[in-house]
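Working notes, structure below.
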Amino acid sequence: MAVAAAGAGSGPWATQEKQFPPALLSFFIYNPRFGPREGEEENKILFYHPNEVEKNEKIRNVGLCEAIVQFTRTFSPSKPAKSLHTQKNRQFFNEPEEHFWMVMVVRNPIIEKQSKDGKPVIEYQEEELLDKVYSSVLQQCYSMYKLFNGTFLKAMEDGGIELLKERLEKFFHRYLQTLHLQSCDLLDIFGGISFFPLDKMTYLKIQSFINRVEESLNIVKYTAFLYNDQLIWSGLEQDDMRILYKYLTTSLFPRHMEPELAGRDSPIRAEMPGNLQHYGRFLTGPLNLNDPDAKCRFPKIFVNTDDAYEELHLIVYKAMSAAVCFMIDASIQPTLDFCRRLDSVVGPQLTVLASDICEQFNINKRMSGSEKEPQFKFIYFNHMNLAEKSTVHMRKTPSVSLTSVHPDLMKILGDINSDFTRVDEDEEIIVKAMSDYWVVGKKSDRRELYVILNQKNANLIEVNEEVKKLCATQFNNIFFLD
Amino acid sequence: MPPRSSRPRGEGRSLQHRVGRGYGRWAPPQPDAARLSAEDRRSRGGRGGGVAPGSGVRAGPRAAVAAAATTTVRAGFHREPRSTLAAALGAPTAVAAPAMGEEDYYLELCERPVQFEKANPVNCVFFDEANKQVFAVRSGGATGVVVKGPDDRNPISFRMDDKGEVKCIKFSLENKILAVQRTSKTVDFCNFIPDNSQLEYTQECKTKNANILGFCWTSSTEIVFITDQGIEFYQVLPEKRSLKLLKSHNLNVNWYMYCPESAVILLSTTVLENVLQPFHFRAGTMSKLPKFEIELPAAPKSTKPSLSERDIAMATVYGQLYVLFLRHHSRTSNSTGAEVVLYHLPREGACKKMHILKLNRTGKFALNVVDNLVVVHHQDTETSVIFDIKLRGEFDGSVTFHHPVLPARSIQPYQIPIAGPAAVTSQSPVPCKLYSSSWIVFQPDIIISASQGYLWNLQVKLEPIVNLLPDKGRLMDFLLQRKECKMVILSVCSQMLSESDRASLPVIATVFDKLNHEYKKYLDAEQSYAMAVEAGQSRSSPLLKRPVRTQAVLDQSDVYTHVLSAFVEKKEMPHKFVIAVLMEYIRSLNQFQIAVQHYLHELVIKTLVQHNLFYMLHQFLQYHVLSDSKPLACLLLSLESFYPPAHQLSLDMLKRLSTANDEIVEVLLSKHQVLAALRFIRGIGGHDNISARKFLDAAKQTEDNMLFYTIFRFFEQRNQRLRGSPNFTPGEHCEEHVAFFKQIFGDQALMRPTTF
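If you're matching them up, the sequences are chains G and R in order.
If you're matching positions, the first sequence starts at 1 in full-length UniProt numbering and goes up one per residue.
If you're matching positions, the second sequence starts at 1 in full-length UniProt numbering and goes up one per residue.
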């Protein structure tokens, strides 16, 4: 795990010390109701990672968490403990469904220094981790599980504890490997959606396209449209889209990027169905429509779990940079014929649409002028529509989300966010960070903006002016108090 | 007094140019007339009974049509050239048109025809195409002349001396002067202008040995004589009771044709009669247009081909003058039937063959032009078809081929109304024989039944067409070109959105696009007119005319009122479809860069809210699909309790409007965000003009003393800056707040005036 040693902030002293990023120590799910009597404690545990841990230790750890939660409840009955800080690690508690507890234990980052006598000294950085970031990660774990498996309770109803355990094992075994705790930050708190900027006319064309497809393929219940990994339209409700978006952008799309980037003669490309009329292809479902034995199996997702509890097939279809998710009721099994029809209806239209969008996007980009790399970087988030925009983060890859700023600055952003959470009113925080950086946080009517400025010898007034200018150029079409 | 015809073109109705020539003369049937009328078009070789073309023997019953040969109505038609095509309607066929439902007929005769005394041996009937008047001349005029037009219900009656058989009789425009031709050399005139002598005067044609074929009025005082040797253009001087020759032109003329709407006379020349020489008349001038040749179909060697006037018509279609040539099916060629060839005759430049209408049948035809549609009547089947040259046809590089827009149908059966004294009301209405051989057809839309004494205007009924034309896109193209199309189009729109006849979204989109294309054209014309008027060009350019809003212009309020508002109310409609349709209409408007009215947006919002689709609404607003407006912002504000983000959306919208700063302040104050309101108004530089009392009131309501202090101090500072003293003036009505401030913070907390 000691990969990312000596992170971005490698100073001159980095040669003397090694840094170890935060890491997942354990992750478990339990329900205290399942083993209330002594000797039956093991029954409480529904999932435990790492599985190799000795049974009694599992029981002990679960028991400890149970006790802490129980204990803290005496002080705050409605809001039991969310996290437990220790020198070496931090534990996060989440009760997503009644009596079902999820616990994630994260080891604090470590700095290994050489003492004068040459012996390594390990120093735990107890204050580095932000509670909100990792609590959000834990909540996301649940949301992702629920997207593909439905609620815990549903599994219990369908097949009892055994089925639930089976599903948890199957899901989390893979999923936990994709948690990259060292690169979690503010964006994990937001869990936002990046929207693709688009002119009205092209947007209406997309609307028209979606409506027509939903009409001609009438088993389609919901549709979502993305371009360049950014959302343009969601027929799903906001919360469901939020987690689906997360899945698409951090898991499904990155896995399918390669064929497009691969050269014409690459072997990967040759596997793509040879279709000359359009560039459409299935990201989920059949790979080759010409193969009569192609399997039309699509991932199932669960949405609106609070009321309608809908189970759907998720068909993701992509042409160039435009991706469309068609969701159809799980009771209808899509056939190969249906897939072929979808391909013939959607493929050509989507290909044209994708090039239209690309063209419009380039026109807009040219019109707004090829601005020089600005002096600042920012993160914007709107709680109301979950719109998120970051010039801090590079492109997401399946492994890590890269940031272009020092982790210390990211931590300041997290701290400002925690401050904002405490009060309801609009406020503004300006922080002078090391090495000429200024960090500004603004909150106005459910919107948050974080700006990192790097201006030599700037004073508070100048920084304030800069941020005003930024708001005037980037956010002039919204009501954002300065 | 200048001649009336010198008035600028386009000012008066073109009727003034319609002083027609073509008095159809109704005369007793004559043997050869009957024979001619029964003549089959396909054996036209014997046409005219051996009358040599260009021989100048135009008089006589050459083009007469036998009426339904009953004994009582022995009406025949001594046809002038304009009625030629009617002659094609030979003997009535015994086979009646198949029975059809009322809703199937798309052509009808007008409800109130012009009724005149039936033609009989003592009563001669003439028709003037220019004034659209029917003349009934009894006993050569001695026992009375009755003139009836389609618009004037009061007939003109007068008497004139019987000086011989009347060959042709026409009023000049506005019924100023009556011209009567009784001999082949002279035309007699009689003034109908008050204070002018009513004594007849006579003009003989100038060319020696020429015979007058006929005459046409081109204005109220200008007349053209067409002789077999050329044309003579005269000005009539009614006060002097004489004519002045303005211009003349010599050439051999076989026959002629006059189109009053465009004041063009077409002369047939050469042996084959197929070289046509047009002349245009305007304000005392006569201009010769380039002549052109009509290609005659190949004919068997034994027969000599020639162009018959019966096969030619002139009409204005979509504002352009066309010469319509009915080219009969030729057995030697491979054509599948007769066709109508349209030659475009432009104001300037050469005549060009443009369109070919494929009839796909043979037999006897007659043409009308109604509402810019070419109507072709086919006597054998007693049906008619219509062609629209604006609809897409097959273009072969030079000519566009058209097929009938609709399947052939009969004109709607017509009952002859029982007019006259109450005594005869017991009679039941008589069904009228349609496509009768006694019918004579005139351009553009006139059908005359000589034997029955009726003149009808042919009309197109649009409602039945809706069901006959399944392709909605083509239907729209067709309807949008029609005069009375508005309500029909709206009903088509409603129908395609109805549960039972629901069209698919692509079809709906096509229909909307076509509507908005037309709407946008009008808006553009309107805009450029407004700009020209603003630039002061209205005086310098007489060509500048306010664009006419035709019925094809269906704006948003039309579609909203007649189609969409009812559509969204339908409970049984799936909301997905409702929203898709609304978005499709908005998309179409946007595509044509038409600003969308807020009531359409409200309709979308209403529908979304009704179905709790707030997140969709949010996304639409996010992409500015629903354009910003104050009404919309207010609507959003009202939704806040159902959907909290609506508040933010509303404020954003108000901000973007940039004319709604007062509203923003009000919204913030109502939310007790006093400081935010103040910061906002300061940010836009409006804080010197705001009411201190309003803000202090709001601050006091928050029961936050520190906030009140801050606001109070802000206004003290403003007072100081503006007036040199921190005190409030009585006009600001802040006494209560000053007292409150003192009560809480004490007198000493008040700001002291700065001393300099």
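Think of the CB as a built atom: it goes at the ideal place given N, C-alpha and C, for glycine as much as any other residue.
Note that the structure is predicted; figures quoted are calculated from it, not measured.
*If you draw a straight line from the alpha carbon of Ile684/R to that of Leu678/R, how long is it in whole angstroms?*
Cα-Cα distance, rounded: 10 Å.
_If I measure Cβ to Cβ from Asp40/R and keep anything under 6 Å in the same chain, skipping five residues before and after, which residues do I get?_
Low confidence applies to Asp40/R: its pLDDT is 32, below 50, so where it sits in the model is not reliable, and the reading given next is rough at best. Sequence-distant Cβ neighbours of Asp40/R in its own chain, meaning closer than 6 Å and more than five residues away, do not exist here.
*Ile744/R classed as buried or exposed, judged by whether at least 16 other C-beta atoms fall within 10 angstroms*: So Ile744/R ends up on the exposed side.
_So for Ile744/R, helix, strand or coil by DSSP?_
DSSP, reduced to helix, strand and coil, places Ile744/R within a helical segment of the structure shown.
*Continuous alpha helix (DSSP H) stretch holding Glu526/R: start and end*: From DSSP, the alpha helix (DSSP H) with Glu526/R extends over 505-534.
_heavy atom of the ligand MN below 7 Å from Asp185/G C-beta_ = Among the ligands in the structure shown, none appear at all, so the ligand MN cannot be discussed.
*With distances taken between CB atoms, is the gap from Lys295/G to His313/G smaller than 8 Å?*
No, they are not a contact pair.
*Using 8 Å as the Cβ pair cut-off and three pairs as the minimum, do the stretch 158-165 of chain G and the stretch 547-557 of chain R touch?*
Counting Cβ pairs under 8 Å, fewer than three are found: no touch.
*Check the Cβ-Cβ distances between Gln474/G and every residue of chain R, and say whether any is below 8 Å.*
Not one chain R Cβ lies under 8 Å of Gln474/G.
_Between Ile243/G and Glu388/G, how many whole angstroms is the CB-CB distance? I'm expecting something under 8 Å._
Contact flag wrong, Cβ pair sits at about 14 Å.
*The alpha helix (DSSP H) spanning Gln139/G covers which residue range?*
Looking at the DSSP string, the run of the alpha helix (DSSP H) that includes Gln139/G is 131-149.
*Looking at chain R, which residues of the stretch 328-340 of chain G have a Cβ within less than 7 Å of any of its Cβ atoms?*
Residues of the stretch 328-340 of chain G whose Cβ lies closer than 7 Å to any Cβ of chain R: none.
*asked:* Quick check: the Cα distance between Pro398/G and Ser26/G, rounded to an integer number of angstroms?
replied: Its pLDDT being 48, under 50, Pro398/G is placed unreliably by the model, and the measurement read from it follows with that caveat. Spanning the alpha carbons of Pro398/G and Ser26/G requires a straight line of approximately 22 Å.
*Looking at C-alpha atoms only, which residue of Leu178/R, Ala119/R, Asp652/R is the closest neighbour of Ser444/G?*
Cα-wise, what sits closest to Ser444/G is Asp652/R.
_When His672/R, Pro260/R, Tyr201/R, Lys208/R are compared against Glu239/R, the one with the closest alpha-carbon_ = Of the candidates His672/R, Pro260/R, Tyr201/R, Lys208/R, the one whose C-alpha sits nearest the C-alpha of Glu239/R is Tyr201/R.
*Check whether the Cβ atoms of Gln277/G and Leu386/G sit closer than 8 Å, and answer yes or no.*
Their beta carbons are not under 8 Å apart, which means Gln277/G does not touch Leu386/G by this criterion.
*Would you mind sorting Pro292/G into buried or exposed? The rule is 16 or more other CB atoms within 10 Å of its CB.*
By the beta-carbon neighbour count (other beta carbons within 10 angstroms, threshold 16), Pro292/G is exposed.
*In the DSSP assignment, find the unbroken beta strand (DSSP E) run with His133/R in it and report its ends.*
The sequence given here has Gln at residue 133/R, not His. Per DSSP, Gln133/R belongs to the beta strand (DSSP E) from 133-138.
*asked:* Rounded to the nearest angstrom, what separates Leu178/R and Gln115/R at their Cα positions?
replied: So the two alpha carbons sit approximately 21 Å from each other.
*What do you get for Leu64/G, buried or exposed, if any count of 16 or more other CB atoms within 10 angstroms of its CB means buried?*
By the neighbour-count rule (16 or more Cβ atoms within 10 Å), Leu64/G is not buried but exposed.
*asked:* Does Asn705/R come out as helix, strand or coil in the three-state DSSP assignment?
replied: DSSP places Asn705/R in helix when its eight states are reduced to three.
*Please work out which residues of its chain come closer than 8 Å, Cβ to Cβ, to Glu97/G, disregarding the five sequence neighbours upstream and downstream, and give them in chain order.*
Sequence-distant partners of Glu97/G (beyond 5 residues in either direction) whose C-beta falls short of 8 Å from its own C-beta, in its chain, are Thr151, Phe152, Leu153.
*From the DSSP output, read off the bridge partner residues of Tyr175/G.*
Bridge partners of Tyr175/G: none, in fact.
*Determine the direct distance from the alpha carbon of Leu468/R to that of Asn477/G, and round the result to whole angstroms.*
Taking the CA atoms as reference points, Asn477/G sits about 51 Å from Leu468/R.
*asked:* Am I right that Met144/G and Tyr247/G are in contact with their C-beta atoms under 8 Å? What's the rounded C-beta distance?
replied: Beta-carbon to beta-carbon, Met144/G and Tyr247/G are separated by about 7 Å, close enough to satisfy the 8 Å threshold.
*Report the three-state DSSP secondary structure of Asn228/G (helix, strand or coil).*
Coil at Asn228/G, not helix or strand.
_Under 8 Å from the C-beta of Arg502/R: neighbouring residues of chain G_ = What Arg502/R touches in chain G: nothing, since even the nearest Cβ is about 10 Å away.
_Backbone CA spacing between Ser55/R and Leu367/R [nearest angstrom]_ = Its pLDDT being 28, under 50, Ser55/R is placed unreliably in this model, and the coordinates cannot settle the point.
_So the candidates are Ile206/G, Lys132/G, Cys471/G, Arg107/G; which of them puts its Cα closest to the Cα of Thr86/G?_
Of the candidates Ile206/G, Lys132/G, Cys471/G, Arg107/G, the residue whose Cα lies closest to the Cα of Thr86/G is Arg107/G.
*What do you reckon, are the CB atoms on Ser588/R and Asp513/R nearer than 8 Å?*
Yes; because the gap between Cβ atoms is below 8 Å, this pair is in contact.
*Any residues in the stretch 438-449 of chain G with a beta carbon nearer than 9 Å to a beta carbon of chain R? Which ones, in chain order?*
Listed by position, the residues of the stretch 438-449 of chain G near chain R (Cβ gap below 9 Å) are Ser444, Asp445, Arg446, Arg447.
_Counting only Cβ pairs nearer than 7 Å, list the residues of chain G close to Tyr318/R._
Those within 7 Å of Tyr318/R in chain G number zero; the least Cβ separation is about 32 Å.
*From Asp158/G to Glu427/G, what does the alpha carbon distance come to, in whole angstroms?*
Distance from the CA of Asp158/G to the CA of Glu427/G, rounded to the nearest whole angstrom, comes to 48 Å.
*Could you confirm whether any beta carbon from chain G is found closer than 8 Å to the beta carbon of Glu584/R?*
So yes, Glu584/R belongs to the interface.
*Output, in chain order, the set of chain R residues within a Cβ distance shorter than 7 Å of Met201/G.*
Here the neighbours are Asn590, Gln591.
*asked:* According to DSSP, Cys227/R sits in a beta bridge with which residue or residues?
replied: Contrary to the premise, residue 227/R reads as Thr rather than Cys in this sequence. In the DSSP output, where bridge partners are listed per residue, Thr227/R has Ile212/R, Gly230/R.
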